[in-house]
Amino acid sequence: MAVLALLSALGQGLVLPSVYSLYTFLMCRVHAARTGQQAPDHQAANELLSGLWNVSSATPASPELRLLEKTRSWLPPTPHLPTSSACSDPWVPQATSAFSASMATTGAILSLILLGKATFLSRRFGRKPILLFSNLVIVFGYATFPLSPRLTAYLAPALVALGIVAAEGSAGAPQRMAVQNYVVDCTGEAARASALSFIEGFGQLGAFPAATLGGWLAAATGQFFAPFYGGIAMFSTAVLYVLLFVPESKRKHVHTFIDDWEHRVSDSDESAAGAYSAERERHEEQDQRNTSNISAARQQQGGNEQRNWRDSRRTSTFSFLTTSSTAGAAQRLASSLNIINPLGIFIPRRRPDKTWDLRLLNLGLITVFDEAFQIFIVPLLLLYNSDSFGFDVVQNGYLVTLIQGTRAIYLTLIFPRSIAWARKRVARRAKSKREAHARAASGETTPLLRQDDEEEERESYGKLDFVILLTSYLVAATAFTLIALARRFSRTHADSTTLLSSATLPSDIPPWRLLVPGVIMLELASGTVSVRTALVVNTLPSSEQTRAIQANQILSTIVLTLVPLTASAVYSFGLEKGHPEAVWLAKAGCALGAALGSLALFWTHRHRNGEEEQGDAARSRH
Numbered sequence: 001m002a003v004l005a006l007l008s009a010l011g012q013g014l015v016l017p018s019v020y021s022l023y024t025f026l027m028c029r030v031h032a033a034r035t036g037q038q039a040p041d042h043q044a045a046n047e048l049l050s051g052l053w054n055v056s057s058a059t060p061a062s063p064e065l066r067l068l069e070k071t072r073s074w075l076p077p078t079p080h081l082p083t084s085s086a087c088s089d090p091w092v093p094q095a096t097s098a099f100s101a102s103m104a105t106t107g108a109i110l111s112l113i114l115l116g117k118a119t120f121l122s123r124r125f126g127r128k129p130i131l132l133f134s135n136l137v138i139v140f141g142y143a144t145f146p147l148s149p150r151l152t153a154y155l156a157p158a159l160v161a162l163g164i165v166a167a168e169g170s171a172g173a174p175q176r177m178a179v180q181n182y183v184v185d186c187t188g189e190a191a192r193a194s195a196l197s198f199i200e201g202f203g204q205l206g207a208f209p210a211a212t213l214g215g216w217l218a219a220a221t222g223q224f225f226a227p228f229y230g231g232i233a234m235f236s237t238a239v240l241y242v243l244l245f246v247p248e249s250k251r252k253h254v255h256t257f258i259d260d261w262e263h264r265v266s267d268s269d270e271s272a273a274g275a276y277s278a279e280r281e282r283h284e285e286q287d288q289r290n291t292s293n294i295s296a297a298r299q300q301q302g303g304n305e306q307r308n309w310r311d312s313r314r315t316s317t318f319s320f321l322t323t324s325s326t327a328g329a330a331q332r333l334a335s336s337l338n339i340i341n342p343l344g345i346f347i348p349r350r351r352p353d354k355t356w357d358l359r360l361l362n363l364g365l366i367t368v369f370d371e372a373f374q375i376f377i378v379p380l381l382l383l384y385n386s387d388s389f390g391f392d393v394v395q396n397g398y399l400v401t402l403i404q405g406t407r408a409i410y411l412t413l414i415f416p417r418s419i420a421w422a423r424k425r426v427a428r429r430a431k432s433k434r435e436a437h438a439r440a441a442s443g444e445t446t447p448l449l450r451q452d453d454e455e456e457e458r459e460s461y462g463k464l465d466f467v468i469l470l471t472s473y474l475v476a477a478t479a480f481t482l483i484a485l486a487r488r489f490s491r492t493h494a495d496s497t498t499l500l501s502s503a504t505l506p507s508d509i510p511p512w513r514l515l516v517p518g519v520i521m522l523e524l525a526s527g528t529v530s531v532r533t534a535l536v537v538n539t540l541p542s543s544e545q546t547r548a549i550q551a552n553q554i555l556s557t558i559v560l561t562l563v564p565l566t567a568s569a570v571y572s573f574g575l576e577k578g579h580p581e582a583v584w585l586a587k588a589g590c591a592l593g594a595a596l597g598s599l600a601l602f603w604t605h606r607h608r609n610g611e612e613e614q615g616d617a618a619r620s621r622h
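Spelled out as structure tokens, the structure:
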């Protein structure tokens, strides 16, 4: 799974620096077709080369600018798509932002719709077919990008939208759910959080250099769409890797559709034979009723029961055929569309002591706030840097590389080891307490004390997870605040011709000095996803853990469908009012909301332990 995550992240990262340029090019052609202006020549898309940075000699270069100039001095020129006068209209960037947000939302909705079908197929055929199918769809989706400039102005965005929706829908909930189910099949409760974090971090090892590698690939080949071909190659390699090297983790699965067809035929034969035998018995019973004095009511009841059993078996075996009544078809359609049914695990439950268990409800709210501030960060950051500081594609690429690199190092090397060290420390403390209790007590009460110690150790693990969530969310809120303050303390504007504007005053703080620590701190809070997912799964018994994974993914996908358009609307409103940093303050508020939820979980955990201790003391006095 880690290698598969590496290939997927590398394929997605290769196209990241170029995909927004392609969106702008397509929206520019649409605007030219709407207004009758001259459209950019798509035949010159792979022929034009951009030169190196033209930095004004009169502008005093900052240390950050000189460092980036040295980095750019040995890079080859990179190809770019042509532009025209229609591309300078303000409608083009607004349409580009709306197009990217709508595609992300539509892909999330599609993944949510396919989640129920993917869950059924995963249970029926195993985890491996879901991984194969999702990567194949991504390959076909990426193949639409190089074809788009050859089409008309309106047909090209439609084809790209179709490819994006297919790729986003396949790479979203179905693939994530298959990976999470694979981890649940292969690991225990204590190792799931570390395993999920390691897989995500190992994938980021391919994501953090991918943006830079995509630019270098385009420069080396002189082709703008070379990164897209590289992404197609990565996902094709992922398909071959899953097909050849990934074993199936689910037991009692069906390997091929041929085997399933054979099972279906055998079930059909058995059902047909049973129906024939039942029909023959029914005729014999009818003859017997006509010649005997057996009660007619009793025979009628037995015949009805037998027919009901036969009809129910026929319905379960041939559920893929047409139904016998319109009401039955409508009921099955409503059942198939009820994709949010697993979310019922987040409903509060009453404990045996008449109190309400609000842990899963609180975890659901934490999931909403967590996903709300972690989704759609990179597109917003690219737009924010371009509009507020005048960053170009290369500068944004360096920042994206910094984000992905920090995330990869933290989730792969730092976070799992820190979690393991903290759990070992908790285990040592629990062991010392058990030894102290064993020395202080003996006799018949020793087994009872041992059970209490094991329960206390599990509760200590829960406290540790809550502390990790609380700390990470506070760090994320601080990071968003730093990113928002980068514009407040810098007077660099989007019309600058250099990295830092010539109008920058000596007292101003360069945006890099706040953006860099902000994005680093933001990635240091990225380990909450695995911890939160493990908490949701481990809260329920083993028989409902698959349903918990599905509910967690459904809730995350619902948030994913709402956040891009909502964040884009907040950013547009802030940009119109002269405060584009408002979107980062809104995300900081979401992080604080998740922190409050984690604090509530920690407080109720301690409060419940205190009540139990008081109850034990009262029982000991009596």
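Heads up, the sequence shown is in full-length UniProt numbering, so the first residue is 1 and it goes up one at a time. Glycine included, each C-beta is placed from N, C-alpha and C at the ideal position.
For M521, the enclosing alpha helix (DSSP H) begins and ends at W512 to L524. For A95, the uninterrupted alpha helix (DSSP H) run begins and ends at W91 to F125, by DSSP. The stretch 414-431 and the stretch 218-233 do not touch, with fewer than 3 CB-CB distances between them shorter than 8 Å. In the assembly as shown, Y154 is an exposed residue. Its beta-carbon has fewer than 16 other beta-carbons within 10 Å. Selection V184, Y229, P157 and R488 evaluated against L26 yields P157 as nearest (Cα-Cα). Fewer than three beta-carbon pairs drawn from the stretch 585-604 and the stretch 200-214 are found closer than 8 Å, and the two stretches are therefore not classed as touching.
Between the stretch 369-387 and the stretch 539-549, the count of Cβ pairs shorter than 8 Å is below three; the stretches do not touch. Following the DSSP letters along the chain, one finds V531 inside the alpha helix (DSSP H) bounded by residues T528 to T539.
Beta-bridge partners of R350 (DSSP): W356. For H31, the secondary structure class from DSSP, reduced to helix, strand or coil, is helix.
Per DSSP, the continuous alpha helix (DSSP H) segment holding P146 begins and ends at T144 to L147. Per DSSP, the continuous alpha helix (DSSP H) segment holding I232 begins and ends at A226 to F245. Non-local beta-carbon contacts of D465 in its own chain, meaning distances under 8 Å to residues more than five positions away in sequence, involve A193, V531, A534 and L535 in chain order. Shown here for L10: same chain residues with a beta carbon closer than 6 Å to its own, the five before and five after excluded, namely G206, A210 and M234 in chain order. Taking C-beta separations shorter than 7 Å and ignoring five residues to either side along the sequence, the partners of E523 in its chain run I403, T406, R407 and Y410, following chain order.
Looking at the backbone, the Cα of L114 and that of T35 are separated by about 39 Å. If you compare the alpha carbons of G163, T152, C28 and M1 with that of Q175, the shortest gap goes to M1.
With respect to V400, F228 sits apart: the two C-beta atoms are not nearer than 8 Å. Of the residues assessed, P348 falls on the exposed side of the cut-off, its CB having fewer than 16 other CB atoms within 10 angstroms. Buried is the label assigned to R359, since at least 16 other Cβ atoms lie within 10 Å of its Cβ. By the Cβ-count criterion, A476 is buried, with 16 or more other Cβ atoms from all chains shown falling within 10 Å of its own Cβ. Of the residues assessed, G344 falls on the exposed side of the cut-off, its CB having fewer than 16 other CB atoms within 10 angstroms. Where F573 is concerned, the enclosing alpha helix (DSSP H) starts and stops at Q545 to E576.
Going by beta carbons, P511 and L482 fall outside the 8 Å limit. Taking a 10 Å sphere around the C-beta of K117, we find fewer than 16 other C-beta atoms and assign the residue as exposed. By the C-beta density criterion, E168 is buried, having at least 16 other C-beta atoms within 10 angstroms. When DSSP states are grouped into helix, strand and coil, M1 belongs to the coil group.
DSSP, read as helix, strand or coil, puts P580 in coil. For E248, the CB contacts under 7 Å within the same chain, skipping 5 residues up- and downstream, are G126, R127 and K128 in chain order.
Rounded to the nearest angstrom, the gap between the Cα atoms of A32 and V160 is 18 Å. DSSP places V15 outside both helix and strand once states are collapsed to three, so it counts as coil. A distance of 8 Å or more separates the beta carbons of L162 and Q180.
In the three-state reduction of the DSSP assignment, Y154 falls in the coil class. The Cβ atoms of I554 and P342 lie closer than 8 Å to each other. Inclusion of N135 and V242 in the CB contact set at 8 Å is warranted, their separation being smaller than that value. Judged by beta-carbon spacing, M103 lies beyond the 8 Å limit of Q550, meaning their Cβ atoms are not closer than that value.
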